[in-house]
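Data block below; observations after.
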Amino acid sequence: GSAVFPDVALMNHSCCPNVIVTYKGTLAEVRAVQEIHPGEEVFTSYIDLLYPTEDRNDRLRDSYFFTCECQEC
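Residue 1 is where the sequence shown starts when you use the UniProt record's numbering, and the numbers rise one by one after that.
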């Protein structure tokens with residue numbers, strides 16, 4: 001099956017995300033992995049973070065058409 005999660009789709013990418021998203025059936029669960037202050041942007045990772053920086057950016061360019069410029073990169 002498939003599902004659409006508009007709130008999750010609006011999150012931007014970071015290689016040092018402050019949330020992780022897990023999917024359970026028709027639910028998307030967003031959990032903070034760092035402290036998030038009011039007004040602070042929520043970031044998730046679009047890719048596997050175990051890849052080296054160059055590989056992560058290759059994958060982001062190929063799939064999402066941008067290069068990451070986060071503090072990790």
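We put the CB at the ideal spot given by N, CA and C, even for glycine.
Note that the structure is predicted; figures quoted are calculated from it, not measured.
Which of helix, strand or coil DSSP assigns to residue 35: coil
For residue 29: DSSP bridge partner residues: 22
Whole-angstrom distance between residue 22 and residue 62, CA atom to CA atom: 23 Å
Assigned secondary structure, residue 44 (DSSP; H/G/I helix, E/B strand, else coil): strand
Whole-angstrom distance between residue 46 and residue 33, CA atom to CA atom: Rounded to the nearest angstrom, the two C-alpha atoms are 15 Å apart.
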